[in-house]
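J.:
Residue numbers (my numbering), protein chains in the order written: chain A, 102 to 259; chain B, 32 to 315.
1. Can you list, in chain order, the residues of the segment 117-131 of chain A whose Cβ is nearer than 9 Å to any Cβ on chain B?
2. Counting C-beta neighbours from all protein chains within 10 Å, is the total for residue 142 of chain B 16 or more, i.e. buried, or is it exposed?
3. State the Cα-Cα distance for the pair residue 120 of chain A and residue 226 of chain B, rounded to the nearest angstrom.
4. With respect to the alpha helix (DSSP H) encompassing residue 156 of chain A, which residues constitute its N-terminal and C-terminal limits?
5. Can you tell me where the alpha helix (DSSP H) with residue 100 of chain B in it begins and where it stops?
6. Give, in chain order, every residue of the segment 175-209 of chain B whose Cβ lies closer than 9 Å to some Cβ of chain A.
7. If distances are taken between C-alpha atoms only, which option among B:68, B:80, B:94, B:286 comes closest to residue 87 of chain B?
8. Excluding five sequence neighbours on each side, which residues of the same chain lie with their C-beta closer than 6 Å to the C-beta of residue 167 of chain A?
9. Output, in chain order, the set of chain A residues within a Cβ distance shorter than 8 Å of residue 61 of chain B.
10. For residue 139 of chain B, I'd like the list of residues in its chain whose CB is within less than 7 Å of its CB, leaving aside the five on either flank, ordered along the chain.
11. Please name the residue, chosen from B:159, B:265, B:182, that lies closest to residue 53 of chain B on a Cα-to-Cα basis.
12. Quick check: is any heavy atom of the ligand HEM less than 8 Å from the C-beta of residue 285 of chain B?
13. Given a threshold of 16 other Cβ atoms within 10 Å of its Cβ, counted over all protein chains shown, does residue 292 of chain B qualify as buried or as exposed?
14. So, using beta-carbon positions, are residue 259 of chain B and residue 58 of chain B closer together than 9 Å?
15. Taking only beta-carbon atoms, is residue 51 of chain A less than 9 Å away from chain B?
16. To the nearest whole angstrom, what separates the beta carbons of residue 71 of chain B and residue 165 of chain B, a pair I think is in contact under 8 Å?
17. Cβ of residue 66 of chain B within 9 Å of Cβ of residue 134 of chain B?
18. In chain order, what residues of the same chain lie with their CB nearer than 6 Å to the CB of residue 235 of chain B, ignoring the 5 residues before and after it?
19. Please name the residue in B:121, B:269, B:243 whose C-alpha comes closest to that of residue 163 of chain B.
20. Give the straight-line distance between the Cα atoms of residue 156 of chain A and residue 145 of chain A, rounded to the nearest whole angstrom.
21. Taking residue 240 of chain B as the query, report the chain A residues whose CB atoms sit under 7 Å from its CB, ordered along the chain.
22. Which same chain residues end up closer than 8 Å to residue 154 of chain B when comparing Cβ atoms and leaving out the 5 residues on each side of it in sequence?
23. What's the call for residue 274 of chain B, buried or exposed, on a 16-neighbour Cβ count within 10 Å?
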C-alpha cells in the first residue's frame with residue numbers, strides 16, 4: 102500500500118537532500134565513466150553546433166547534448182538539435198552547403214553581438230575556441246560564433 | 032548451499048563460478064573509512080559461526096588494522112610479507128582466533144609498504160589456502176593502487192562496501208569499473224551505516240537509490256549502530272553481540288554468501304502523508 106502511494110507520487114516530489122544527491126551523482130558518474138569533464142563537453146557542443154550550422158540552420162542555445170547511461174557498459178551521447186525551420190525539399194537553397202536565408206535572419210537578429218572571427222576552415226579557429234573556451238561560454242552566444250564564421254565561409258563559397 | 036551465488040533483488044545476478052576448494056572473496060571500497068575492515072572481521076566471525084573454515088587476509092601493508100578489530104594484535108609473530116619473502120611458512124603466519132578454532136587471520140606487515148607484495152604473490156598464497164578453507168576473505172586497502180590490485184588479483188568474488196553518501200558512492204562506482212576491467216565483476220554491494228530515520232526524511236540516499244546509481248546487486252544493508260564502535264574497542268566484532276542490529280545484518284550477509292535466501296532489511300523510504308497514514312493503520 103505504502104509502496105503504491107510512493108510510486109504514485111513519485112520520489113522526485115519528496116523534499117530533502119537525498120534526491121539532489123542522487124541527481125548530482127548520476128551526472129558526475131556518467132562523466133567519470135566517459136572520462137570527460139563538463140568543460141570539455143561544452144567545447145564539444147560548441148564545435149558540434151559550428152559544424153551542424155554549416156549545413157542546417159539551428160539555434161545554438163536550443164541544442165542539448167548529454168551523456169546517458171542505460172547500463173553500466175552502455176554509455177552514449179545523446180544530442181537534441183532542433184531545426185530553426187522545416188526543411189523544404191523544393192527549396193533550391195537546401196542543396197547549398199549553407200542556407201543563406203536563416204543566416205541573414207540570425208545575423209540581423211543580433212547585430213550587436215556580431216564580431217570578426219577567423220574562417221571555420223582555418224584551423225586556428227579551433228585553436229582559438231580551445232584556448233578561449235571559457236570566453237566563448239561566458240559570451241553566452243556560441244551560436245553567433247558558429248553562424249558568423251559559417252556565414253563568412255558561405256559567402257566565400259559564392 | 033554450495034557455490035552458486037544467490038540472486039538478490041535490485042540488480043543483475045552474478046555468473047556462477049567453478050572453483051576448486053574455497054572461495055576467495057575480496058572486500059573493497061575505494062574510499063577509506065566506510066567499514067571494509069569492520070565488514071571483513073564480522074563476515075569472518077559470522078561465517079565461522081556457520082561452522083565454515085575461514086581465513087582472513089589483511090592486505091593493507093603498512094596500515095594494518097584487521098588484527099586490532101579482531102582482538103588478535105598481541106598474537107602476531109609473522110605477517111604476510113614474511114610469507115612472501117620466505118621468512119616463515121604460510122601456516123606460521125596464520126593466527127588462530129581465540130573463540131573459533133577454524134578461523135584464522137594472516138596479518139599485514141606494519142613496517143613495510145605495499146610494493147613488498149605482488150598480485151602474483153596473492154594468487155599463489157590463496158591457491159595454497161583454497162584446499163584447506165571454505166572461505167578466504169581479503170581485506171583490501173583504500174585506494175586504487177597496488178594494494179587494491181593485490182587484494183583483487185586472487186578474488187573469485189568481490190564485495191564493495193559503501194556508505195549512503197556522495198563521496199563513498201562515487202568512489203564505489205570507480206572501483207566497480209576497475210573490478211570489471213579486471214574481469215572480476217560485477218561484484219556485490221554492501222551498504223554500510225544506513226540511517227533509517229534519515230532515509231525516511233529524504234535526507235539520505237536509500238538502498239534503492241544507491242543500487243539504481245551503481246547498477247549492481249546488493250547483498251546486504253548494515254544499519255548505523257552504536258554497538259559497532261564499542262565492539263571494535265573491545266576487539267570483539269559486533270557479530271558476536273546477539274542484540275546488535277548491525278550484528279544481525281552481518282550474520283545475514285554471511286548466510287547469503289553461503290547460499291541462503293534471506294530477504295534484505297526493509298527500509299521505509301518515505302515519510303509522506305499517505306505513508307504516515309498507512310503506517311498508522313498498519314500499526315507501524
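Every residue, glycine too, gets a C-beta built ideally from N, C-alpha and C.
T.: Taking the coordinates as given:
1. Here the close residues are 117, 118, 119, 120, 122, 123, 125, 126, 127, 129, 130.
2. To locate residue 142 of chain B, count along the second chain from 1; it is residue 111. Counting the other Cβ atoms within 10 Å of the Cβ of residue 142 of chain B gives fewer than 16, which makes it exposed.
3. As a working mapping, residue 120 of chain A is identified with position 19 in the first chain. As a working mapping, residue 226 of chain B is identified with position 195 in the second chain. For residue 120 of chain A and residue 226 of chain B, the distance between alpha carbons rounds to 16 Å.
4. If you number the first chain from 1, residue 156 of chain A lands on position 55. Annotation for residue 156 of chain A: the continuous alpha helix (DSSP H) segment containing it runs 139-156.
5. If you number the second chain from 1, residue 100 of chain B lands on position 69. 97-101 is the span of the alpha helix (DSSP H), which, as asked, contains residue 100 of chain B.
6. Contact residues of the segment 175-209 of chain B toward chain A are 195, 196, 197, 200, 201, 204, 205, 207, 208 (C-beta to C-beta distance below 9 Å).
7. Taking the second chain and counting its residues from 1, the one referred to as residue 87 of chain B is at position 56. When the alpha-carbon of residue 87 of chain B is set against those of B:68, B:80, B:94, B:286, the nearest one is in B:68.
8. By one-based count along the first chain, residue 167 of chain A stands at place 66. Within the same chain, residue 167 of chain A has close Cβ partners 179.
9. Locating residue 61 of chain B in the second chain gives position 30, where the first residue counts as 1. Chain-order list of chain A residues neighbouring residue 61 of chain B: empty, with the shortest C-beta distance near 12 Å, by a criterion of under 8 Å.
10. Position 108 of the second chain holds residue 139 of chain B. 89, 90, 91, 92, 95, 110, 111.
11. Sequence index remark: in the second chain, residue 53 of chain B carries index 22 (1-based). Looking from the CA of residue 53 of chain B, the closest CA among B:159, B:265, B:182 belongs to B:159.
12. This structure lacks the ligand HEM, and indeed carries no ligand of any kind.
13. Within the second chain, the letter at position 261 stands for residue 292 of chain B. Counting every other CB atom within 10 Å of its CB across the protein chains shown gives residue 292 of chain B a total below 16, marking it as exposed.
14. The residue you call residue 259 of chain B lines up with position 228 of the second chain. The residue you call residue 58 of chain B lines up with position 27 of the second chain. No, they are not a contact pair.
15. Outside the displayed span of chain A (102 to 259) sits residue 51 of chain A, for which this structure offers no information.
16. Indexing the second chain from 1 puts residue 71 of chain B at position 40. Indexing the second chain from 1 puts residue 165 of chain B at position 134. With a Cβ gap of about 15 Å, residue 71 of chain B and residue 165 of chain B do not count as contacting.
17. For this step, residue 66 of chain B is matched to residue 35 along the second chain. For this step, residue 134 of chain B is matched to residue 103 along the second chain. No, Cβ-Cβ distance for residue 66 of chain B and residue 134 of chain B is not below 9 Å.
18. For the purposes of this step, residue 235 of chain B is taken as residue 204 along the second chain, with counting starting at 1. These residues qualify, in order along the chain: 195, 226, 229.
19. Counted from its first residue, the second chain places residue 163 of chain B at position 132. Nearest option by C-alpha distance: B:121.
20. Against the first chain, residue 156 of chain A aligns to sequence position 55. Against the first chain, residue 145 of chain A aligns to sequence position 44. Pairing residue 156 of chain A with residue 145 of chain A, the inter-Cα distance amounts to about 17 Å.
21. Sequence index remark: in the second chain, residue 240 of chain B carries index 209 (1-based). Here the neighbours are 119, 123.
22. In the second chain, the residue the question calls residue 154 of chain B occupies position 123. Closer than 8 Å at the Cβ level, and outside the excluded window around residue 154 of chain B, lie 184, 185.
23. For the purposes of this step, residue 274 of chain B is taken as the residue at position 243 of the second chain. Residue 274 of chain B is exposed by the Cβ-count criterion.
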